[in-house]
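For reference, the structure is listed below as structure tokens.
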Amino acid sequence: HFGSSQCGSKYKGSAPRPASLPDAPVRRPRTPQHLPAMSQSERGCLPCTNCFVTVPQDKWYAVEKFGRYSHMLKPGLAFAGGDCCGCCITYRSITSRVEQIMCTVTTKTKDNVFVTAQVAVQQSVKPENTVDAMYKLADVRAQIDSYVSDVVRSSVPHMTLDEAFEKKDEISNAVQEKLQKEMEAYGFVIHKALVTEIVPNHEVVQSMNEINKQKRLRDAAIMAAEAEKIKVVKAAEAAADAAQLQGEGIARQRRAIIDGLRDSITHSTNEELSTAKISELLLITQYFETMRDIAAQSKAQTVFIPNGPGAVGDVASQIRNGILAGNAAAPGQQRM
Numbered sequence: 001h002f003g004s005s006q007c008g009s010k011y012k013g014s015a016p017r018p019a020s021l022p023d024a025p026v027r028r029p030r031t032p033q034h035l036p037a038m039s040q041s042e043r044g045c046l047p048c049t050n051c052f053v054t055v056p057q058d059k060w061y062a063v064e065k066f067g068r069y070s071h072m073l074k075p076g077l078a079f080a081g082g083d084c085c086g087c088c089i090t091y092r093s094i095t096s097r098v099e100q101i102m103c104t105v106t107t108k109t110k111d112n113v114f115v116t117a118q119v120a121v122q123q124s125v126k127p128e129n130t131v132d133a134m135y136k137l138a139d140v141r142a143q144i145d146s147y148v149s150d151v152v153r154s155s156v157p158h159m160t161l162d163e164a165f166e167k168k169d170e171i172s173n174a175v176q177e178k179l180q181k182e183m184e185a186y187g188f189v190i191h192k193a194l195v196t197e198i199v200p201n202h203e204v205v206q207s208m209n210e211i212n213k214q215k216r217l218r219d220a221a222i223m224a225a226e227a228e229k230i231k232v233v234k235a236a237e238a239a240a241d242a243a244q245l246q247g248e249g250i251a252r253q254r255r256a257i258i259d260g261l262r263d264s265i266t267h268s269t270n271e272e273l274s275t276a277k278i279s280e281l282l283l284i285t286q287y288f289e290t291m292r293d294i295a296a297q298s299k300a301q302t303v304f305i306p307n308g309p310g311a312v313g314d315v316a317s318q319i320r321n322g323i324l325a326g327n328a329a330a331p332g333q334q335r336m
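Numbering-wise (UniProt numbering), the sequence shown opens with residue 1 and increments by one.
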């Protein structure tokens with residue numbers, strides 16, 4: 001076989017395939033530019049003639065005689081006139097429903113972020129301007145998409161990404177005002193224009209999510225540190241209050257001990273003790289309490305210096321001499 005031996009074709013017994021074939025037509029998405037026009041040609045309800053036609057409730061039909069517009073028909077069965085094989089009379093229809101057109105616009109914000117905006121435009125034909133809507137525009141959807149792209153690309157570049165999200169209503173109002181002004185001359189009413197979605201670049205979305213994540217982690221760390229700080233401060237305040245209460249308790253205890261010792265000593269003699277004697281009694285009492293606390297601990301490693309009872313007398317004599325020296329100070333001097 002010539003095809004299989006010479007050209008390596010898989011089609012046996014047929015002519016060899018060309019070296020290069022034209023690419024198959026690419027099926028593009030049905031964007032507003034590729035959708036059919038809103039007005040469509042119609043035929044009558046009888047075969048081989050357009051004398052009679054059934055008009056649906058949601059459409060307007062225009063009668064064309066020899067290609068020229070004649071008049072509009074109401075919904076229901078209508079007689080348009082004499083016709084021969086559809087050569088004399090033709091029909092053109094347009095919907096009376098409110099239709100929504102989705103427009104996709106890619107633009108750049110003020111802070112150099114590319115975004116894709118989705119704009120939904122809700123429009124319908126004005127009943128009194130159906131002729132203009134049928135015959136003035138070849139592609140209504142493409143016309144609306146052009147106006148929407150113009151408004152969005154003139155508004156968003158003056159905003160940052162955050163402002164674009166915050167001012168979606170302003171963009172919608174600008175698009176609606178532009179469309180109402182321009183499309184009224186063609187017989188269309190713009191009911192609403194909505195910016196339904198603003199989608200940044202995928203990498204920008206990931207960066208924004210990472211920024212928000214780090215911000216939340218930082219806030220959590222700050223709150224945890226504040227909680228730890230409050231715990232430490234409250235613990236310090238509690239320790240200070242406990243130490244203060246403990247000191248007040250010890251002071252009252254010392255006062256009670258001194259009062260008891262003084263009363264027991266002076267009860268029989270009715271003599272008052274001097275300050276030196278009271279200090280000596282207090283020092284002796286503290287010495288024995290310290291020795292008791294050390295002995296109460298089973299594994300105490302404290303070395304009490306001086307540890308002899310005679311050391312208490314030395315300390316007492318030092319206190320006594322200090323008090324006497326203070327009492328002997330000159331009258332003009334202030335004792336510290």
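Backbone N, C-alpha and C fix where the C-beta goes; we use that ideal spot for every residue, glycine too. No experiment lies behind these values; they were computed from the predicted model shown.
Spatial distance of residue i from residue j (CA atoms)
i	j	result
Gln118	Asn50	43 Å
Ser70	Glu64	5 Å
Ala256	Gly249	11 Å
Ser96	Pro127	8 Å
Arg30	Ile222	With a pLDDT of 43 at Arg30, under the threshold of 50, the modelled position of this residue cannot be trusted; read the value that follows with caution. Arg30 and Ile222: Cα-Cα distance of roughly 52 Å.
His34	Ala138	Confidence at His34 is low in this model, with a pLDDT of 39, below 50, so the placement of that residue should be treated as unreliable; the coordinate-derived value is given next. His34 and Ala138: Cα-Cα distance of roughly 12 Å.
Val105	Thr116	6 Å
Ile144	Met134	15 Å
Glu207	His158	The sequence shown places Ser at residue 207, not Glu. Distance between the alpha carbons of Ser207 and His158: 22 Å.
Ala243	Thr160	59 Å
Phe52	Ser146	39 Å
Lys232	Arg254	Sequence inspection shows Val at residue 232; the Lys mentioned does not correspond to that position. Cα-Cα distance, rounded: 32 Å.
Lys234	Ala240	10 Å
Ala142	Ile101	10 Å
Val125	Pro47	30 Å
Met183	Gly82	36 Å
Gly247	Gly260	20 Å
Lys215	Glu226	16 Å
Residue burial classification, residue i (beta-carbon count within 10 angstroms, cutoff 16)
i	result
Gly76	exposed
Ala185	exposed
Thr196	exposed
Phe79	exposed
Glu237	exposed
Val121	buried
Leu245	exposed
Arg218	exposed
Gly187	buried
Glu203	exposed
Val140	buried
Gln123	buried
Met291	exposed
Glu228	exposed
Asp130	The amino acid occupying residue 130 in the given sequence is Thr; Asp does not appear at that position. With 16 or more Cβ atoms within 10 Å of its Cβ, Thr130 is classed as buried.
Ala164	buried
Glu280	buried
Val205	exposed
residue 363	This structure does not reach residue 363, given that the chain is present from 1 up to 336, and the question cannot be answered.
Ala193	buried
Cβ distance (whole Å) where residue i is taken to contact residue j below 8 Å
i	j	result
Val113	Pro200	6 Å
Val152	Thr107	6 Å
Val148	Cys103	4 Å
Ile278	Ile258	6 Å
Lys168	Ile198	7 Å
Heavy atom of the ligand COA within 7 Å of residue i beta-carbon
i	result
Cys45	As for the ligand COA, it is missing from this structure, which has no ligand bound.
Segment contact flag, the segment 38–48 with the segment 72–91, C-beta cutoff 8 Å, min 3 pairs: These segments touch.
Given 8 Å, three or more beta-carbon pairs between the segment 170–177 and the segment 147–161: Below 8 Å, enough C-beta pairs join the segment 170–177 and the segment 147–161 to call them touching: three or more.
Every unbroken beta strand (DSSP E) within the segment 160–187, with a cutoff of 3 residues, ordered by chain: None, since the segment 160–187 contains no complete beta strand (DSSP E) of that length.
Length at least 4, wholly inside the segment 175–253: the alpha helix (DSSP H) runs in chain order: Within the segment 175–253, no run of alpha helix (DSSP H) reaches 4 residues while sitting entirely inside it.
Secondary structure, alpha helix (DSSP H): runs of 4+ residues fully inside the segment 114–158: Positions of the alpha helix (DSSP H) runs, each at least 4 residues long and wholly inside the segment 114–158, are given as 130–135 and 140–155 in order along the chain.
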